[in-house]
Amino acid sequence: MDPKVKQALDITLHNWQTMTSYQSDEKEAVADQFQSSFYAFIETVREWVLREGNPHLSLDEMLENDMIQEIFDLLPAPLHLNFETEIELILDRVERVDEDKYD
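Just so you know, my numbering puts 827 at position 17 of the sequence shown, and the rest follows in order with no gaps.
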């Protein structure tokens with residue numbers, strides 16, 4: 811796996827674990843931290859896609875990529891659809907603005 815993508819994924823997975831196990835009044839702040847790390851991870855994946863020359867692949871082809879499959883294997887199931895949606899947007903060259911991101 812690309813080292814930058816791996817590092818961003820590790821942070822996202824850590825923040826997911828923290829968010830899902832957090833039992834406090836500060837849960838919203840922890841969720842915000844997770845969301846921020848998820849989109850930083852997506853931006854790192856976007857950079858990788860553009861750097862590797864993969865933006866011309868179809869969604870199905872990209873989903874068959876070894877690194878993308880490895881990411882799916884590591885991501886919790888509730889994040890699979892979000893990640894697939896983001897991959898599709900990357901391939902369509904759509905960049906989200908903050909208010910367009912998932913709440």
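A virtual CB, placed ideally from N, CA and C, is assigned to each residue, including glycine.
Straight-line measurement puts the Cα of residue 834 at about 36 Å from the Cα of residue 904. Restricted to the region 820-880, not a single beta strand (DSSP E) segment is unbroken, complete and at least 3 residues in length.
Residue 905 sits in coil when the DSSP states are folded into three classes, being neither helix nor strand. In the structure shown, residue 886 falls within a coil segment according to DSSP collapsed to helix, strand and coil.
Here the alpha carbons of residue 850 and residue 887 stand approximately 19 Å from one another.
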